[in-house]
Every structure is written in C-alpha cells, then in structure tokens.
Amino acid sequence: MKNRIKYIGFILAGMLSMTACTDQFENYNTNPIGITDEELKQDFNHIGAYFPAIEEMIYCNYNWGWGVNWPFQVMQNLNADIFSGYMTTYSIFGEDKSFIDNRNYALKAGWNDANWDYTYDYLMPNTLTIKSKCNEDYNAYGHFDAVNKILKVLAMSRLCDQYGPIIYSKYGESKTGGTYDSAQDAYKSFIQDLKDAVEVLNNFVTANPGAKPFARFDMAYEGDYTKWIKFANTLHLRLAMRQVKYNAELAKTEALAAVNAPQGIISANAGNFTISGRGFTNPLAEISTVWDNIHLNANVESILGGYNDPRLAIFAKSASKSDEIKGMRNGINLKDGFATKYVGYISQINVKSDTKPVLMTAAEAHFLLAEAALRGWDVGGDAETHYENGVRSSFDQFGVPLSDYLERTLLPQAYVDKIQPAASAAAVSKIAPQWDNAATNEQKLERIITQKWIASFPEGMNSWAEYRRTGYPVLFPNTENYSDGIIDTQFGIRRLPFSSREKTNNAEGYADAVQKLGPGAADNGATRLFWDINKGNF
7 MKNRIKYIGF ILAGMLSMTA CTDQFENYNT NPIGITDEEL KQDFNHIGAY FPAIEEMIYC
67 NYNWGWGVNW PFQVMQNLNA DIFSGYMTTY SIFGEDKSFI DNRNYALKAG WNDANWDYTY
127 DYLMPNTLTI KSKCNEDYNA YGHFDAVNKI LKVLAMSRLC DQYGPIIYSK YGESKTGGTY
187 DSAQDAYKSF IQDLKDAVEV LNNFVTANPG AKPFARFDMA YEGDYTKWIK FANTLHLRLA
247 MRQVKYNAEL AKTEALAAVN APQGIISANA GNFTISGRGF TNPLAEISTV WDNIHLNANV
307 ESILGGYNDP RLAIFAKSAS KSDEIKGMRN GINLKDGFAT KYVGYISQIN VKSDTKPVLM
367 TAAEAHFLLA EAALRGWDVG GDAETHYENG VRSSFDQFGV PLSDYLERTL LPQAYVDKIQ
427 PAASAAAVSK IAPQWDNAAT NEQKLERIIT QKWIASFPEG MNSWAEYRRT GYPVLFPNTE
487 NYSDGIIDTQ FGIRRLPFSS REKTNNAEGY ADAVQKLGPG AADNGATRLF WDINKGNF
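For the sequence shown, this note's numbering begins at 7 and goes up steadily by one.
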C-alpha cells in the first residue's frame, strides 16, 4: 500500500483524459444513463442526482474503480492534515525512498496539485450543471441552487485557503483557461453567495413548511433546509472571522450579520455538518489503519496528554509495540533505517470506515463566538461563556465526560522520542484549559484557538488555516527543513503552490494569479495569504 503514491501520476493522467473541466462541459449536461431530463423531473432527479458526488468530493471518498481513498491522501492528508499539527508519517513514498517531501518542507507538486486539479475536473463542473438546470425554472428549482451555492462555497473556501487566488466568480465563462479572483475577492463572493443562498432557503421554508424535496439526495442533513441555513450562517461566521486581522471592521460587520441572520448559527451537535450514506466511507480509516500511511503528530500527544484529556483515546489508538498513545514530530530524520524503527511505536488515527467526517461543528461555532466576544462584539454572552460552551459541545460530540476539565490548570507535556532522543523537546504550548479572566487578550485567544484545534480533530484543512491566521496552538517546529531556504522553519508552510497544470494550460491566468498573491510575492510555500497577517498583537 505504501507504493500507491507512485501510481498517482499515471492514474490522474487517465482521469484527466476521461474528463476535464476545460473540455467536457457538454458531457456534464448529458445524462449518462439514457433517461431524458423530462422523465427525471418528476422527482427532481435531473438536478438532485448531481449532489451526492459534490458532497462526497469535498472530503474525498469517490470510487472510480481504482480504489477510493488515495485522492483524499494527496488532496488533504499529506498537506493540511500534517501542516495543522494533527498528523505525520514515517511511511516510504516513491522509489527513491528519500523522505524529502512535504514532511520537511520540500513541497511535492505530485501531491499538492491534486486538490486543485481534482476540484476543477470533478466538483466545479457539477456545480455548473446544477446552476444551469436550476436556471431553466428558478422559481421551481432555486432552492436546489441555494444548496449548490453553499456546497460550492464550502469546497472553494477550502481550496482558496490552500492556494490563495482561485477561479471562482468567472468559472465556466470559457472552456479553456480561466480568470482568477484574488483571495480577497473570492471571500467577498463566498459571503455574498451564502447570503443569497440563505435568502432563497428562508423564502422556501416560509412558503413550504416541512417540505424536504432535497432529502433523497442529501448526505448531510437529510433535506432539512433549516439546518442548511444554520450551516450557511456558521460558514459565513467562519469566513468573517478569518479576515479579522486583514479588515477588522469588515470582519465585525459580517460576523454580526451571520449571527443575527434568520435561523441563526449552529448551536448544538445535531446541526454538525457531516457526510454519510450512499456507500461513503471515511478515507482516513484505510489510509491510517490498513495502509499505515498516516500517524499521530507529537503535538496532539503533548497537548492532550498534558491535559489528561480523555479525547486523546478517542483520537488515536495505542501503538502496537508500546501500548501507549504516541506521536511523532514533523520533519524528523527518517533516513538511515530510522523509518522502520518507528513502525509499531507511533499511534494510528482512531478512525473507522463508518466514522462520519465532520466539517463544521457546534463547538467551532461557540469558539467563533468566544473570539468575537473577546474582541468586544455584541454576539450575546461573554468570551468565557462561549469558550466553555465550545469545550462542553466538543466533549458531548465525542461522547466523553467533561468532569473537572474546565477547572484544570494542567499544561501540555514534554515530548519524548524513544527512537531518536535528540528529537525530544520540552512542551512549546503553555496554555491550560481553565479560563483565566486575568490573562491578556492574546492569552485568552490562544486558549480559545487551542481548544478549537482540539475540538476540530482530525479535520486538518480548517485547522491549518486557523493556525496560520492566529499562530495557535503553538506547535513544535520541524526538526529538518529541505526547502532550500524558502520556508522559514519558525513559521512553516503558509500555502501550496498553484497546480503545475495551470502553468502550462493557463499561462496567462497563472501569471495573473501570481500577481494577485501580492506585490513581489512568489508562487511558493512561504507566501502568506491575505488574511495571514502577523501583526504580533491580538
């Protein structure tokens, strides 16, 4: 299984020869099973049938016949899940066995192009098809397009947070190439699309109480549009807070708009956004347990172990040879036979095939409110209350007792590497679970984000973005850096370079995208996104 990565280039090439967003628009508007749209309209199948693929593709587990989980491995698992401080790996990838790759800042295009290419080849064409079909009779089908917009914003905001500028507002205007939005402009479009979607769904719910025309196609909320509205508002709040260091007034305006919108935001775990059904399985289960390709990061062991946090046993398995939950640092030396020495001593991620991926939680919503309250915004309640509600929601979500956790002053623990003692390190995070009203705002923010990071495990995409935005939790630095001086070990990787395919197939658009990264910015892993502003202060 460890050699699967080397086949990805050949498989991806085969995929692209079959279908690509630049050449196959007509095919996406042709029903492949030979039934006309008129025959399908009675049950909305002519529109709804496209949704499950979109929902699956966001957290990728999609069976093309070659095995369902390797796309997720390169779309997210070998970048964001590692960069967030959640995971790492001692696995051997490639025939050269060099161990020089994302783990130690030598960014691999063969891994990091995947989410870009896959999103534009498979996800975005489906959103375009749905939009086109809804426009045939928007009064009848507009509620489907509203969900389409929400899913598109979820998927593309994740893509934007990986790369920066993306093809969004002008997507679909041409069969080749594409004009990029700056990440700032993409965020504006995201928020406007969410507002428009919520308005349409609110009108539908008011006019059709109890109706669930989307239920047959929905892998998240069983067609409950009220839950979709709350999710959209919470996503709106997330995107607003993401911009707070870039434009505090804009962030405040949009955050309050989201919180005060009709239906409000997610407040209980019943509203968590998850994906399940229709044969979907969690890709992490096979990647971690069967392939043994991803493992627990030392940061999780240090922080949760120090807190004596019962969620640690939910997140990871005891290592087979040590019978303890053990992590490993990123960038560690795995050459000279060290990789095999870690086998059996580092924990696998405790995920089963039927574990639902969770992409938005009530806990995150409470932590977003805690930060907003900390900044003095009127979101109802103070920062401490929202913080503690976030912790309670997380413990409830994972089914473990809270006990005295919110009174604990325990700190993260030192990391001990028994294979390479030189990689051992004192704890770098110095924050405890107990709220401290005497602390500075910066310390309070660190406390909020550290608990948000724990609560969001194992979803590394959003947590990597929050780490870059806030600097929290404080993570162990890489022990090795093979970026040729491009990436600062202290700050780590800030974004992924654009897809190699864009340089060849969309040279003009690519050149424009690099300009939109900012004055003098380079298309590399050290360039910060617009919201990643290190002002040094709360």
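Glycine is no exception: its CB is placed at the ideal position from the N, C-alpha and C atoms.
From a predicted model like this one, the values you see are computed outputs, not experimental measurements.
Which of helix, strand or coil DSSP assigns to residue i
i	result
Thr-133	helix
Tyr-313	helix
Met-81	helix
Asn-303	strand
Met-467	helix
Thr-259	helix
Ala-431	strand
Tyr-186	coil
Tyr-177	coil
Ala-461	helix
Met-63	helix
Asp-518	helix
Lys-236	helix
Ile-539	coil
Trp-117	helix
Phe-99	coil
Residue i classed as buried or exposed, judged by whether at least 16 other C-beta atoms fall within 10 angstroms
i	result
Ala-513	exposed
Lys-522	buried
Pro-215	exposed
Leu-157	buried
Asn-239	buried
Asn-33	Bear in mind that the predicted position of Asn-33 carries a pLDDT of just 42, short of 50, making it unreliable; the figure below should be weighed with that in mind. Asn-33 should be labelled exposed.
Arg-317	buried
Asn-284	The amino acid occupying residue 284 in the given sequence is Arg; Asn does not appear at that position. With fewer than 16 other Cβ atoms within 10 Å, it is exposed.
Leu-365	buried
Gly-491	exposed
Leu-408	exposed
Pro-427	exposed
Gly-465	The question names Gly, but residue 465 is Glu in the sequence shown. So Glu-465 counts as buried.
Ala-254	exposed
Ser-294	buried
Tyr-144	exposed
Gly-343	exposed
Lys-458	buried
Residue(s) in a DSSP beta bridge with residue i
i	result
Ile-355	Ala-322
Met-225	For Met-225, which the question treats as bridged, DSSP gives no partner whatsoever.
Phe-279	Met-366
Thr-94	His-301
Met-334	Asn-303
Tyr-421	Ala-431
Ile-172	Asp-187
Alpha-carbon spacing of residue i relative to residue j, whole angstroms
i	j	result
Val-265	Asp-199	17 Å
His-242	Lys-341	45 Å
Ile-6	Thr-212	This structure gives no information on residue 6, because the portion of the chain shown stretches from 7 to 544.
Tyr-478	Ala-261	21 Å
Arg-311	Pro-483	Looking at the sequence provided, one finds Gly at residue 311 rather than Arg. Looking at the two C-alpha atoms, the distance is approximately 19 Å.
Ser-328	Ala-376	39 Å
Trp-383	Asn-278	24 Å
Lys-347	Ser-97	11 Å
Lys-137	Trp-76	29 Å
Thr-36	Tyr-516	Legend: pLDDT at Thr-36 = 43, less than 50; position of this residue unreliable, no value from coordinates given.
Ala-471	Ile-53	33 Å
Tyr-193	Ser-163	7 Å
Leu-412	Leu-129	41 Å
Val-74	Pro-289	8 Å
Ile-493	Arg-248	23 Å
Glu-205	Gly-526	40 Å
Asn-447	Gly-386	18 Å
Tyr-169	Asp-123	12 Å
Gln-403	Thr-280	12 Å
Tyr-65	Asn-154	16 Å
Thr-94	Ile-88	5 Å
Asp-29	Asn-118	Bear in mind that a pLDDT of 43 at Asp-29, under 50, signals an unreliable position, so the number given afterwards is only what the model happens to contain. Near 23 Å, if we compare the C-alpha coordinates of Asn-118 and Asp-29.
Asp-151	Met-81	26 Å
Trp-441	Thr-185	47 Å
Gly-229	Lys-139	19 Å
C-beta neighbour in chain C for residue i, strict 9 Å
i	result
Thr-510	No chain C appears in this structure, which consists of one protein chain only.
Whole runs of the alpha helix (DSSP H) within the segment 374–409, excluding any shorter than 4 residues: Runs of the alpha helix (DSSP H) inside the segment 374–409: 389–404.
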